[in-house]
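J.: For reference, each letter of the sequence shown is one residue, going 1190 to 1456 in the numbering used here. Dumping the structure here so I can ask a few things about it.
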Amino acid sequence: MDSNGLKPAGPSEDIPAPDARQLERAAAAIRKGSAIAVTGAGVSAESGIPTFRDPGGFWRKYPPEEYAAYSAFLRDPKKVWKMWQERAAMLEQARPNDAHTGLAALEEMRYLQAVITQNVDNLHQEAGSRRVIEYHGNARQMVCLECGRSEPLTRSRIQEIPPKCRSCGGLMKPGVVMFEEFIPEDALAESERLAMGCNSMLVAGTSAQVYPAASLPQIAKYNGATIIEINVEPTDFTHDLVDVFLQGSAGSVIRRLTEHLKAGSSG
Ligand code: OAD
1190 MDSNGLKPAG
1200 PSEDIPAPDA
1210 RQLERAAAAI
1220 RKGSAIAVTG
1230 AGVSAESGIP
1240 TFRDPGGFWR
1250 KYPPEEYAAY
1260 SAFLRDPKKV
1270 WKMWQERAAM
1280 LEQARPNDAH
1290 TGLAALEEMR
1300 YLQAVITQNV
1310 DNLHQEAGSR
1320 RVIEYHGNAR
1330 QMVCLECGRS
1340 EPLTRSRIQE
1350 IPPKCRSCGG
1360 LMKPGVVMFE
1370 EFIPEDALAE
1380 SERLAMGCNS
1390 MLVAGTSAQV
1400 YPAASLPQIA
1410 KYNGATIIEI
1420 NVEPTDFTHD
1430 LVDVFLQGSA
1440 GSVIRRLTEH
1450 LKAGSSG
C-alpha cells in the first residue's frame, strides 16, 4: 500500500507460470495471423498504476459513482479534478512494461492487428504499438465542455482546479469516457469489426465486467475466434468463453509468449 492508500496489483510471485503446452496452444492460434488484443488495467499494474477493482484498487478509494460519473463531475468538478491531480502524477511517472512492449512486438511481427485498450494511460503507444483503439479515451488530454477544444492534461496545468479553457473559459474535463457517457463512435465500430473478423483474441488484465468492452470477447467467440486470456486470476469469462487461460502477470506471460513466437518453437 502506498501513502495514497492505493496499491498497484504487481506481478504475483506465487502464481506458477503457464506451462509450455498452454503457451504453444496460444502461439498456434496467434500464428494464424489476424489476432487482436483487448487490454485492461492489469496490463499496466506492473507499471505502477493500480487497477480498479482489485484490493487496493482505484475504485476502493474513489467510488466511481462519486468520481467517475459524468453527473458527479458536473455536480462537483473540483472534487473530481482533485482525484485527477493524484492520477495525473501517477500516470506521468508510469513507463511501459513487458506486456506493452510484448504486444508492440507482436504487431511488428505482423501477428497482431490491433490493441483495443480500456486503459487511458497511453502506455501501448509509448511502447510502440501503432494501431491502438482507445475505448475509454486518453488521460493525457483534456477537453473543453463549451467549445470542444482539447489540450494536454499535465500536472502543472491542473495545479489550479477546476482547469478552465484558455480560449473560451469553459470547464475542462479529462479526455476519458466517464460513466453515463458514450464510447467514442469510431472506437466502438472499429472494435466490433475487428472482434468479428479476428482469428484469435488476447484478453489481458481485465476483469471483463464493464460493457460494452466486455462484449468484445463474446463477439469474437461467436464468430469463431480462439480466446486466449491472460490474468493473474480467473474471471467470469474463464470457464465459459476462454479457450486458453494463461495464468500469471501480464508482463511475464506476454514476454514468454512473444519469445515463444519469435523462436518459432513448438514446445
Ligand atoms: P479491473 O480493475 O476491473 O480489473 C483488473 C483485472 O486485472 C483483474 O481481473 C485482475 O485480476 C487483473 N490483474 C491485476 N494485476 C494483473 C497483472 N499484473 N497481470 C495480469 N492481470 C492482472 O480493471 P478493468 O477490467 O480494466 O472504466 O476495468 C475496466 C474499466 O472499469 C476501466 O476501463 C474503467 C473501470 O471503471 C472507466 O473508467 C470508464
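Don't be surprised by glycine CBs; every beta carbon is placed ideally from N, CA and C. Given the structure is predicted, the values throughout are model-derived calculations rather than measurements.
According to DSSP, which residues form a beta bridge with residue 1262?
T.: Residue 1262 pairs with nothing; no bridge assigned.
J.: Just how far apart, CA to CA, sit residue 1432 and residue 1231?
T.: 20 Å
J.: On the DSSP bridge assignment, give the partners of residue 1304 in chain order.
T.: 1226 and 1321
J.: Flag residue 1439 as yes when its Cβ comes closer than 7 Å to any non-hydrogen atom of the ligand OAD, and as no otherwise.
T.: yes
J.: According to DSSP, residue 1333 sits in a beta bridge with which residue or residues?
T.: 1361, per the DSSP bridge assignment.
J.: Could you compute how far the alpha carbon of residue 1206 sits from the alpha carbon of residue 1442?
T.: The C-alpha of residue 1206 lies about 7 Å from the C-alpha of residue 1442.
J.: Residue 1422: beta carbon under 7 Å from a heavy atom of the ligand OAD?
T.: The ligand OAD approaches residue 1422 closely enough that one of its heavy atoms is under 7 Å from the residue's Cβ.
J.: When you compare only the Cα positions, how much space is there between residue 1348 and residue 1375?
T.: 32 Å
J.: Going by the beta-carbon positions, is the gap between residue 1356 and residue 1338 smaller than 8 Å?
T.: yes
J.: Drop a sphere of 10 angstroms on the beta-carbon of residue 1190, count the other beta-carbons inside from all chains shown, and report buried for 16 or more, exposed for fewer.
T.: Residue confidence is low: residue 1190 scores 41 on pLDDT, short of 50, so the model does not pin down where it sits. Its coordinate-derived value is still stated next. By the 10 Å Cβ count, residue 1190 comes out exposed.
J.: Can you tell which of 1429, 1369 and 1263 has its C-alpha closest to the C-alpha of residue 1401?
T.: 1369
J.: Could you tell me if residue 1412 is buried or exposed, where buried requires 16 or more neighbouring beta carbons within 10 angstroms of its beta carbon?
T.: exposed
J.: Does the Cβ of residue 1235 lie closer than 7 Å to at least one heavy atom of the ligand OAD?
T.: yes
J.: What do you get for residue 1208, buried or exposed, if any count of 16 or more other CB atoms within 10 angstroms of its CB means buried?
T.: Note on residue 1208: under 16 other CB atoms within 10 angstroms of its CB, so exposed under the neighbour-count rule.
J.: Exposed or buried, what is residue 1193 when buried is set at 16 or more other beta-carbons lying within 10 Å of its beta-carbon?
T.: At residue 1193 the pLDDT is 45, less than 50, meaning the model places this residue with poor confidence; the figure from the coordinates comes in the next sentence. Result: exposed.
J.: Please confirm whether any heavy atom of the ligand OAD lies closer than 7 Å to the CB of residue 1217.
T.: no
J.: For residue 1368, list the residues DSSP reports as bridge partners.
T.: 1258
J.: Quick check: is any heavy atom of the ligand OAD less than 7 Å from the C-beta of residue 1253?
T.: yes
J.: Taking residue 1380 as part of the alpha helix (DSSP H), name the residues at either end of that continuous run.
T.: It spans 1374 to 1386 - the alpha helix (DSSP H) in which residue 1380 sits, taken as one unbroken run.
J.: Give the secondary structure of residue 1391 by DSSP, where H, G and I count as helix, E and B as strand, and everything else as coil.
T.: strand
J.: Is it the case that the segment 1297 to 1307 contacts the segment 1319 to 1327, given that we only count it when at least three CB pairs across the two stretches are under 8 Å?
T.: yes
J.: If you follow the beta strand (DSSP E) that residue 1219 is part of, which residue opens it and which one closes it?
T.: Segment 1209 to 1220 is the alpha helix (DSSP H) holding residue 1219; no beta strand (DSSP E) there.
J.: Going by DSSP, what residue range makes up the beta strand (DSSP E) through residue 1175?
T.: Here the chain has residues from 1190 to 1456 only, and residue 1175 is not among them.
J.: Under a three-way DSSP split, which group does residue 1441 fall into?
T.: helix
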